[in-house]
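In the numbering used here, the protein residues as written are 71 to 188.
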């Protein structure tokens, strides 16, 4: 179900982020495109992890993404609003929401000072 709704999920999360993070409203078209691409990758990894039954596939991807963001001076916790919005959109899918909660817990642990793998 996540795969079939991926385009709609990305659009809904992007719109939600623009509401939650006012600075995004002033993004250039290119910045908006990159954000949409990043969201699409998150949705793709979530769908794949659910399909193959491997939560580490998703949480590992988010750990890697958080490391990239941190290296660019963006806090890893900036992923949390997107995960919150995905959780809301997927509220009728318990496996998806459980995996999103696990991912948010992992990100919170990293923000609290845990080491990111290289």
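Where is the CB? At the ideal position from N, CA and C, for every residue including glycine.
Neighbour-count burial assignment, residue i, 16 or more Cβ in a 10 Å radius
i           : result
residue 112 : buried
residue 186 : With a pLDDT of 46 at residue 186, under the threshold of 50, the modelled position of this residue cannot be trusted, and the question is left open.
residue 144 : exposed
residue 72  : buried
residue 166 : buried
residue 74  : exposed
residue 134 : exposed
Proximity of residue i and residue j at Cβ, strictly below 8 Å
i           : j           : result
residue 103 : residue 146 : no
residue 173 : residue 132 : yes
residue 76  : residue 106 : no
residue 86  : residue 153 : no
residue 127 : residue 136 : no
residue 119 : residue 169 : yes
residue 151 : residue 90  : yes
Nearest-angstrom Cβ-Cβ length linking residue i and residue j, presumed shorter than 8 Å
i           : j           : result
residue 79  : residue 157 : Contact doesn't hold; Cβ gap of about 11 Å is too wide.
residue 193 : residue 83  : Only positions 71 to 188 of the chain appear in the structure, and residue 193 is not among them; the question remains open.
Output the residue ranges of the beta strand (DSSP E) runs that lie fully inside the region 112-136 and measure 3 residues or longer, sorted by chain position.
Whole beta strand (DSSP E) segments, 3+ residues: zero.
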